[in-house]
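Here is the structure we will look at.
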Amino acid sequence: MELFQAKDHYILQYGDVALWYSRKDGCMNVRPATDLLLAWNPICLGLVEGIIGKIQLHADLPLGLVLIRQKALVGLLPGNHKVYKITKIAVIPLSEDEPQDLELELCKKHHFGINKPEKIAQSPDDSKFLLKTLSQIKSNVGGPTKKKVKENKEKDRLERRLRDELYKIFMDSDSFYYSHTYDLTNTVQRQGASDKSDLPVWRRVDDRFFWNKHMIQDLLDLQGPQVDFWIIPIIQGFVQVEELVVNYRECSDEEKSSPETPLQEHTCVDDIHPRFTVALISRRSRHRAGMRYKRRGVDTDGNVANYVETEQLIHVHSHTLSFVQTRGSIPVFWSQVIINLVDQNGREKVMGDAYLKQVLLYNNPNLTYVSFDFHEHCRGMKFENVQTLTDAISDIITDMRWGWVDQAGVICTQEGIFRVNCMDCLDRTNVVQAAIARVVMEKQLKKLGVMPPEQPLPLKCYRIYQVMWANNGDTISRQYAGTAALKGDFTRTGERKLAGVMKDGVNSANRYYLNRFRDAYRQAVIDLMMGLPVTEDLYSIFSKEKEHEEKEKESQKGAQEQVSFLLQTYMQLLLPEDEKFHGGWALIDCDPSLIDATHKDVDVLLLLSNCAYYVAYYDEEADKVNQYQRLSLEGLEKIEIGPEPTLFGKPKYCCMRLHYRNGDTSGYFHTLRAVTRNPEDDGKGTRV
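Numbering (UniProt numbering), first residue to last: 1 to 688.
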């Protein structure tokens, strides 16, 4: 659809209809496309995919219109319903007088190769207003204006900070999905039981998962069939769709390329092998929505933080089978302020006991409570021991059944649901839910005759299935905690490796850092999306963040001055008077023979003179160089630049290797890399 900017409105036009958005008060109304002729000098800004709604990021800030700038097709759900992921958004504030450079795809009908829209011609009234404004600025020069200018700068910085966070929520976490024809908010079973199948999608949604409901409330209030097209219900969560082939004779890549294997045996994927579609849909509740350390436990209405309904769909021919699980913060009033990395058992025992107490007080015969000490059973990274749990509850899984529909209607329904809990319903929860869902999927496929009764899921199918659940865990974790899921390597590969443990340590640290400042802004933006008041003083948080950044800059500046002083000092100590100093660098020794090649301390000073180079090893604790090597430039054989040698995963840094001769013997070298400049550069590397 095309986006136009006129003097008093932004206008979205598609076919014969248009949505007019007032630039004065933010009111919306639907009008015929021909009314565009009545607008004052409309300029086409480009193409957009749809409207998310309106948001006001702060009481002191202007209202903004949030649009879908770019989408990506995720896949087709049963019935050939297309599902899209929002990949880019655009935000248009009401206060702007000029067309925004929104980086929209240009409309070929109006732009003819022009890269940017021209400015709107000003009416006489606009000119008078500008002259009046300029005269006011001139007359107000002085003390009072300086204070106002400072306040405006603070407001502008806060607006940019909140707007950046809004962009990140939509564009950096693969969080938001929609379909024009499929109700992503409801399970297959709820859809089958509903009598609203003939209504537009937004009129049959589950209110819990309609994430942009408040943002688009103005359109909802208009009612009438003319607004149906413009209302797009958006879910936050995760969607992935894959087509799998059940082939137990699938050959490896080596076998495929072997000249000794007959041609007919190379046919690994054929029509004779059963195919099925598997889809994973996770929908997060908009009630008590937010970030990990800002939203936990239950509220007075019974809504819990991080409540996620995950539906696994299996589609074979005309049959669609659905199995649903939920996760959510432990439904008692609780919070965590202190991160206790020592007494994990004690803290979790308190929460587990409180949860069990509520279950016992509820005393409902339809509720079965199963306790599984994940850490105890999976000690030593043996996460495959989760099968102990699935074996123990196999009868419950069988009795629970699943939703099953075909073209004729409902065949059977899921009688009950698993609610899986750990502390934050992220890492361990995802591992366990994936294990339970796999058991159910194999039962379903055997019931449909897609799998033989005594066979497990083919390895290739199982690997794709693992990746889907790992992606699901990572996405939900980023939405709630700001980082990918811990233990994700096991869900993804079925193995727990040392590299995964090391990665988890980094993610744990990142979760704490993100909570320090960014979570406050993200929580504020989420609350505003939901129509809730922002309880925190964002100006105060903004000031503290600025103070923290200033301290970091001072610290970095101090470190740079210290390095410069070290280089100057050891230049004078190490270089003879007859050598001319050409330069010095503070580097890191990343020789692969070192036990720890990942540390970031400045531990090598490289000094260059006109006839030699010096490698001085600096002891930070002793604050001195304890040894050094002087190597003649004549003995330098070659210099290599390339990826840093690493024992785990892909190399993250670029390093320099100096090859030299020791006497008449070659083969010696130094491997050095630069220090990253700041925390944001971590993992990106720095040129040496």
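For glycine and all other residues, C-beta sits at the position ideal for the given N, C-alpha and C.
- request: Figure out for me which residue from Asp424, Arg478 and Asp406 has the closest Cα to the Cα of glycine 79.
  value: Asp406
- prompt: What are the start and end residues of the alpha helix (DSSP H) that includes cysteine 461?
  reply: 459 to 481
- prompt: Skipping 5 residues on each side, what residues in its chain have a beta carbon closer than 6 Å to that of leucine 220?
  reply: none
task: Taking all protein chains shown into account, decide if threonine 398 is buried (16 or more other Cβ within 10 angstroms of its Cβ) or exposed.
output: exposed
- prompt: Where do the ends of the alpha helix (DSSP H) carrying serine 394 lie?
  reply: 394 to 400
- prompt: Which class does tryptophan 230 belong to by DSSP, given the choice of helix, strand or coil?
  reply: helix
query: Ordered along the chain, which non-local residues of its own chain (more than five positions away) have a Cβ less than 8 Å from that of glutamine 433?
result: Thr310, Gln325, Arg327, Phe418, Val420 and Trp469
query: Assuming glycine 403 and threonine 187 make a contact with CB atoms under 8 Å, what is their CB distance in whole Å?
result: 7 Å
- prompt: Is there contact here, the segment 24 to 41 with the segment 67 to 79, by at least three beta-carbon pairs under 8 Å?
  reply: no
message: Measuring alpha carbon to alpha carbon, tell me which residue in Asn152, Val239 and Leu672 is nearest aspartate 183.
response: Val239
- prompt: Where does tyrosine 660 fall in DSSP's three states?
  reply: strand
- prompt: Would a C-beta distance cut-off of 7 Å place lysine 638 and histidine 670 closer than the cut-off?
  reply: no
Touching by the beta-carbon criterion (3+ pairs, under 8 Å), the segment 603 to 619 and the segment 573 to 588: yes
- request: Answer yes if the segment 174 to 182 comes into contact with the segment 203 to 210, meaning at least three C-beta pairs across the two stretches below 8 Å, and no otherwise.
  value: no
message: Less than 7 Å between the C-beta atoms of alanine 39 and alanine 6, yes or no?
response: yes
task: Consult DSSP for aspartate 16 and reduce its assignment to one of helix, strand or coil.
output: coil
- request: Compute the Euclidean distance between the alpha carbons of phenylalanine 176 and aspartate 519, then round it to the nearest angstrom.
  value: 19 Å
Same chain, Cβ closer than 8 Å to valine 83, five either side skipped, listed in chain order: Leu73, Val74, Gly75, Leu76, Leu77, Tyr177, Tyr178, Ser179, Tyr182, Leu184, Val239 and Val241
field: threonine 320 versus glutamine 414 - alpha carbon distance
entry: 13 Å
task: Would you tell me roughly how many angstroms separate the C-alpha atoms of leucine 3 and isoleucine 234, rounded to the nearest one?
output: 21 Å
query: Whose C-alpha, out of Thr368, Tyr10 and Tyr21, is nearest the C-alpha of proline 42?
result: Tyr10
- prompt: To the nearest whole angstrom, what separates the beta carbons of leucine 575 and leucine 607, a pair I think is in contact under 8 Å?
  reply: 7 Å
- prompt: What residues match up with isoleucine 641 in a beta bridge as DSSP calls it?
  reply: Met656
query: Got a sec, what are the start and stop residues for the alpha helix (DSSP H) arginine 522 sits in?
result: 518 to 530
query: What is the DSSP secondary structure of leucine 77, counted as helix, strand or coil?
result: strand
field: Three-state secondary structure assigned by DSSP to glutamine 312
entry: strand
- request: List the DSSP bridge partners of glutamate 376.
  value: None; glutamate 376 has no bridge partner.
query: Could you give the distance in angstroms between the alpha-carbon of alanine 305 and the alpha-carbon of arginine 286?
result: 9 Å
- request: Please name the residue, chosen from Val66, Glu103 and Met171, that lies closest to arginine 91 on a Cα-to-Cα basis.
  value: The amino acid occupying residue 91 in the given sequence is valine; arginine does not appear at that position. Nearest option by C-alpha distance: Val66.
- request: With glutamine 189 as the anchor, note down where its alpha helix (DSSP H) starts and where it stops.
  value: 188 to 193
- request: Return the chain-ordered list of same chain residues with a C-beta closer than 7 Å to the C-beta of valine 316, the five sequence neighbours on each side being excluded.
  value: Phe276, Leu448 and Val450
field: aspartate 25 classed as buried or exposed, judged by whether at least 16 other C-beta atoms fall within 10 angstroms
entry: exposed
task: Rank Asp299, Gln479 and Pro200 by C-alpha distance to the C-alpha of aspartate 174 and give the top, closest one.
output: Gln479
field: Cα-Cα separation, aspartate 101 to tryptophan 20
entry: 20 Å
message: Tell me the rounded alpha-carbon separation between phenylalanine 372 and tyrosine 307.
response: 20 Å
- request: For glycine 46, write down the residues that DSSP places opposite it in a beta bridge.
  value: Leu3
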